[in-house]
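Chains as they are written, first to last, in the numbering used here: chain A, 361 to 902; chain B, -7 to 60. Backbone N, C-alpha and C fix where the C-beta goes; we use that ideal spot for every residue, glycine too.
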Amino acid sequence: MKPHGKGRWESLYFDYPEFEAPARDGLAMRAPVTIVGAGPIGMVAALTLARYGQPSVIVDAKHTFNDGSRAICVARSSFTALQLLDVLGPFLDKSLPWASGRSFFRGRQILEFFMPDSATERHRPMYNIEQQYIEKFLHDGVAANPLIDMRWRTECTGVAEAEDGDGVALTLRDPDGPYEMRTDWLLAADGARSPIRSMMGLRLAGQNFEGRYIIADIQMENPVPVERFALFDPDARPGSTVLVHQQPDNIWRIDYQLRDDEDEDEALREENIRAAVQKVLDECGYDAPWELEWWSVYSANTLLLDGYRHGRTIFIGDSAHIVPIFGVRGFNNGVLDGVNIGWKLAWHLAGKADEAILDSYDHERRRATLDVIEKSEKSTQFMTPRTRGFAVMRDAALSLALDFPFASQFANPRNMTPYEYHDSPLTLPDAEAWDAGPPPGAAAPDARLDGAFLMDGFGPGFTVLAFGDVPGTGLLEEHDLATVLRLPPEGEAADVYGAGDGDAVLVRPDRFIAARWHRANGAAIRSAITRICAGGLQEDGE
Amino acid sequence: MSDRDRNVDLEAVYAALAEGIDAHGPEHSEMFLAKAALLLAEALGDEDRALRAIADAQRNMTGMRRPD
Ligand SMILES: Cc1cc2nc3c(=O)[nH]c(=O)nc-3n(C[C@H](O)[C@H](O)[C@H](O)COP(=O)(O)OP(=O)(O)OC[C@H]3O[C@@H](n4cnc5c(N)ncnc54)[C@H](O)[C@@H]3O)c2cc1C
């Protein structure tokens, strides 16, 4: 919502572009991949496909980007993905890195937390940036890419598996009226209310929590370090929880929980938003003048689809899952969806992988969402207790935390590192014991190397980290199967990976570790890549 | 060492809890007892025993007359 007299696309800091629908003349009516929804996740998927040479069509019903700052916390895992997609530059220039936060209970500080960070990583644990910029920077990449056919003002109104079995039949409507299109694969990136989900008769399942948050953005000059504030039971809003985040362009996000007895419509009225924000600012000791930018209401849902792949239609991002706000996973979880399906579909379309590889998308990303849900349920239960019992215990813990540090750990936001694909069919478990280093299934960590970073040298596709003497790796390059990085058997990269002379680590295109070997050789690595591309490393019954 | 050999003056603990409940009244007793339970569990340093104590505390709760 916007202040009185302001239009939906009027903003204190962001100029929404006006996109036109493409001319009908010469528009392709057949595509290997069509993506419905040019939200952040649809664009990430298109950029990933294009990164691997595969064209796609994206349609979006709107004429511009989503309104409001929405998802503002971008995690390291997303920055790694943006780097892979060659669109990271503007994100680094614009966003505000942060790594710490403080929590207060009734005005007294009970906790200062630091997210795990390391000089061996190029990117910080978290960056704040408004979603309009996320979408703009992704769209700049989309618009500049000849492989991506972006169609604004084009709504998908019908979807059906083609009767002749030849792909998916789509009905699209642009300002000139409806038209039909065929696509071999459909990526439904059409957001939390996904019309495609409804058209296919699918429903999200899970819990609908009662917790409701108002999210309000203001513009205020207030030069202080970037960190996250959580205020429990503050004088400004007794009995509720308030979060404060800084964003670029002097924009501040104030999130506050509505109590069960508060009426949502009443709370959303402009004068009530203004009064609530002012009280929070007073409590924080911020006395600079401010202007109201945008506000909305968000509830702490945990919902997901039973299956992410339905024949030739694959759900990605919010259309597949809705997760609570506290884990800052709505966007970050979706980015990993987009990159995951992007490389797998690209490999399949290029004839380098069997269709079976697509099922591993569902396997990996549904489990990732379930893990997010499990972790964020603990945070949610703490931030917005659902029962009297949990409310009493929450207050007990917070009140203890004033004097006893052990009790403040309940208020610590859960770990935000990405889910590890240990039990994925694409992950090869260690054949021999490793003393250290991230196991297969984990996200590949970075390390400093020759004045730059290890990951800068990763290939677009599979990457092999060969430590010391690993015979036969030339074969992988000759057959264009992987980029081979020949690394010293000692040093930071070897330390980070727990590797020594003769060891090798196989990293997937999306920069998760697929396998690792002691006394590695090119033939073993090649056979692992072959099995991944066949859609599974594990034998039946394993 | 069995629990019984321990030198715990339960009379004093009993009285302190009673006085705490009186001091905080019906409105805040619950939170007071919850805090005491968390502190005791932390001091105990044994999740299993703490959980067992919490389970034991829930037996025979019905049919008891509430003090006024
Ligand atoms: C008000 C609000 C506040 C939020 N705040 C936060 C937050 O603080 N933190 C957080 O992590 N996340 C937040 N989120 C969630 C976050 O914005 C989403 O997780 C993220 O945008 C998901 O991206 P997506 O690409 O999957 O879907 P979306 O961004 O929703 O994009 C879907 C796109 O599909 C298009 N579309 C839909 N139907 C059709 C159709 N039939 N034909 C053509 N196009 C169609 C829409 O126009 C839209 O552009 C918020 C969301 C909302 C709505």
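message: Based on DSSP bridge pairs, tell me the residues matched to A:P538.
response: On the first sequence, residue 538 of chain A is found 178 positions in, with the first residue counted as 1. Paired residue(s): A:R533.
- request: Tell me, please, which residues DSSP counts as bridged to A:R572.
  value: As a working mapping, residue 572 of chain A is identified with position 212 in the first sequence. Its beta-bridge partners are A:L618, A:S659.
- request: Using a Cβ-Cβ cut-off of 9 Å, state whether B:A7 counts as contacting chain A.
  value: Residue 7 of chain B sits at position 15 when you count from the first residue of the second sequence. It does not: the Cβ of B:A7 has no partner Cβ on chain A nearer than 9 Å.
Contact test: A:V867 Cβ vs ligand 1 heavy atom, cutoff 8 Å: As a working mapping, residue 867 of chain A is identified with position 507 in the first sequence. It does not: the Cβ of A:V867 is nowhere closer than 8 Å to a heavy atom of ligand 1.
query: Under the criterion of a Cβ to heavy atom distance below 8 Å, does A:Q491 qualify as lining ligand 3?
result: Annotation note on ligand 3: not contained in the displayed structure, which lists ligand 1 as its ligands.
Identity of the residue in A:Y646, A:H782, A:D550, A:R482 nearest A:G811 by Cα: As a first step, residue 811 of chain A is located in the first sequence; it is residue number 451 there, counting from the start. The option with the nearest alpha carbon to A:G811 is A:R482.
7 Å Cβ shell around B:A15 - same chain, five flanking residues per side excluded: Start at 1 with the first residue of the second sequence, and residue 15 of chain B comes out as number 23. Taken in chain order, the list of residues that qualify is empty.
query: How would you list, in chain order, the residues of chain A whose beta-carbon sits under 7 Å from the beta-carbon of B:E34?
result: Translated into the one-based positions of the second sequence, residue 34 of chain B becomes position 42. Residues of chain A passing the Cβ test: F766.
- request: Classify B:N52 as buried or exposed, calling it buried when 16 or more other Cβ atoms lie within 10 Å of its own Cβ.
  value: Position 60 of the second sequence, counted from the start, is the residue given in the question as residue 52 of chain B. Classification for B:N52: exposed.
message: Measuring CB atoms only, is the stretch 702 to 709 of chain A touching the stretch 577 to 584 of chain A, in the sense that at least three cross pairs come out at less than 8 Å?
response: The stretch 702 to 709 of chain A vs the stretch 577 to 584 of chain A: no contact.
field: C-alpha gap between A:V824 and A:A864, whole angstroms
entry: Along the first sequence, read from residue 1 onward, the residue named residue 824 of chain A stands at position 464. Along the first sequence, read from residue 1 onward, the residue named residue 864 of chain A stands at position 504. The straight-line gap from Cα to Cα measures roughly 7 Å.
message: Counting only C-beta atoms, is A:D900 closer than 9 Å to chain B at any point?
response: Along the first sequence, read from residue 1 onward, the residue named residue 900 of chain A stands at position 540. At A:D900 the pLDDT is 44, less than 50, meaning the model places this residue with poor confidence; the figure from the coordinates comes in the next sentence. No - not a single Cβ of chain B is within 9 Å of the one on A:D900.
task: Give the DSSP-derived three-state secondary structure of B:S(-6) in the structure shown.
output: As a position in the second sequence, residue -6 of chain B is number 2, starting the count at 1. Bear in mind that a pLDDT of 49 at B:S(-6), under 50, signals an unreliable position, so the number given afterwards is only what the model happens to contain. Coil, per DSSP.
message: Does the beta-carbon of A:S656, which I'm using as the reference point, lie nearer than 8 Å to any heavy atom of ligand 1?
response: Against the first sequence, residue 656 of chain A aligns to sequence position 296. For ligand 1, at least one heavy atom lies less than 8 Å from the Cβ of A:S656.
Cutoff 9 Å: A:D755 Cβ touching any chain B Cβ: Taking the first residue of the first sequence as 1, we reach residue 755 of chain A at position 395. With 9 Å as the cut-off, A:D755 counts as an interface residue toward chain B.
task: With a cut-off of 8 Å on the beta carbons, I'd call A:R634 and A:L652 a contact; round off their distance for me.
output: Here residue 634 of chain A refers to the residue found at position 274 of the first sequence. Here residue 652 of chain A refers to the residue found at position 292 of the first sequence. Contact flag correct, Cβ pair sits at about 6 Å.
- prompt: Using CA coordinates, which residue listed in A:Q491, A:K366, A:P789 is at the minimum distance from A:Q607?
  reply: Taking the first residue of the first sequence as position 1, residue 607 of chain A is located at position 247. Checking every option, the nearest Cα to that of A:Q607 belongs to A:Q491.
- prompt: Pairing CB atoms from the stretch 556 to 563 of chain A with CB atoms from the stretch 592 to 609 of chain A, are three or more of them under 8 Å?
  reply: no
- prompt: Curious, which full-length alpha helix (DSSP H) runs of at least 4 residues does the stretch 484 to 570 of chain A contain?
  reply: 491 to 503, 555 to 559
message: Does the distance between the C-beta of A:P555 and the nearest non-hydrogen atom of ligand 1 fall short of 8 Å?
response: The residue you call residue 555 of chain A lines up with position 195 of the first sequence. It does: the Cβ of A:P555 is within 8 Å (strictly closer) of some heavy atom of ligand 1.
- prompt: At which residues does the beta strand (DSSP E) containing A:S463 begin and terminate?
  reply: As a first step, residue 463 of chain A is located in the first sequence; it is residue number 103 there, counting from the start. A:S463 -> beta strand (DSSP E) spans 460 to 465.
Segment contact flag, the stretch 487 to 503 of chain A with the stretch 446 to 455 of chain A, C-beta cutoff 8 Å, min 3 pairs: yes
- request: Could you check the C-alpha separation between A:F479 and A:A728 for me, to the nearest Å?
  value: Residue mapping note: residue 479 of chain A aligns to position 119 of the first sequence, counting from 1. Residue mapping note: residue 728 of chain A aligns to position 368 of the first sequence, counting from 1. The question names Phe, yet the displayed sequence has Ala at residue 479 of chain A. A:A479 and A:A728 have their alpha carbons spaced roughly 27 Å apart.
message: Counting C-beta neighbours from all protein chains within 10 Å, is the total for A:P485 16 or more, i.e. buried, or is it exposed?
response: Position 125 of the first sequence, counted from the first residue, corresponds to residue 485 of chain A. Per the 10 Å Cβ criterion, buried.
DSSP state of A:D577 mapped onto helix, strand, coil: Counted from its first residue, the first sequence places residue 577 of chain A at position 217. Strand.
message: Assuming A:S416 is part of the beta strand (DSSP E), what are its boundary residues?
response: Locating residue 416 of chain A in the first sequence gives position 56, counting from the first residue. Looking at the DSSP string, the run of the beta strand (DSSP E) that includes A:S416 is 416 to 419.
field: Rounded straight-line distance, which links the Cα of A:F425 to that of A:V419
entry: Here residue 419 of chain A refers to the residue found at position 59 when the first sequence is read from its first residue. Here residue 425 of chain A refers to the residue found at position 65 when the first sequence is read from its first residue. If I take the Cα positions, the gap works out to 13 Å.
query: Leaving out the 5 sequence neighbours to the left and right, which residues in its chain are closer than 6 Å to A:E899 when beta-carbon positions are compared?
result: As a position in the first sequence, residue 899 of chain A is number 539, starting the count at 1. Bear in mind that the predicted position of A:E899 carries a pLDDT of just 49, short of 50, making it too unreliable to give a figure here.
- prompt: Between the Cα of A:G694 and the Cα atoms of A:A441, A:D385, A:S656, which residue gives the shortest distance?
  reply: Stepping through the first sequence from its first residue, residue 694 of chain A is reached at position 334. Of A:A441, A:D385, A:S656, the smallest CA-CA separation from A:G694 is found for A:A441.
With 16 other Cβ atoms within 10 Å as the buried cut-off, status of A:E724: Numbered from its first residue, the first sequence carries residue 724 of chain A at position 364. Answer is buried; the Cβ neighbour count reaches 16.
message: Taking the alpha helix (DSSP H) that A:F764 belongs to, which residues open and close that run?
response: Here the question's residue 764 of chain A lines up with position 404 in the first sequence. Here A:F764 belongs to no alpha helix (DSSP H), and DSSP marks it neither H nor E.
- request: Measuring only between beta-carbons, confirm whether B:L53 sits less than 9 Å from chain A.
  value: Working through the second sequence from its first residue, we reach residue 53 of chain B at position 61. Note on identity: in this sequence residue 53 of chain B is Met, with Leu being the wrong assignment. Taking Cβ atoms only, chain A never reaches closer than 9 Å to B:M53, which makes this a no.
- prompt: In angstroms, rounded to a whole number, what distance separates the CA positions of A:G599 and A:A757?
  reply: The residue given as residue 599 of chain A occupies position 239 in the first sequence. The residue given as residue 757 of chain A occupies position 397 in the first sequence. Using only the alpha carbons, I get a separation of about 14 Å.
- prompt: Would A:A504 be called buried (16 or more neighbouring beta carbons within 10 Å of its own) or exposed?
  reply: Looking up residue 504 of chain A in the first sequence gives position 144. Per the 10 Å Cβ criterion, exposed.
Local Cβ density within 10 Å of A:D697, reported as buried at 16 or more and exposed below that: What you label residue 697 of chain A is simply residue 337 of the first sequence in a count that begins at 1. So A:D697 counts as buried.
- request: Would you verify that the beta carbon of A:S554 is, or is not, closer than 9 Å to some beta carbon of chain B?
  value: Sequence index remark: in the first sequence, residue 554 of chain A carries index 194 (1-based). With 9 Å as the cut-off, A:S554 does not count as an interface residue toward chain B.
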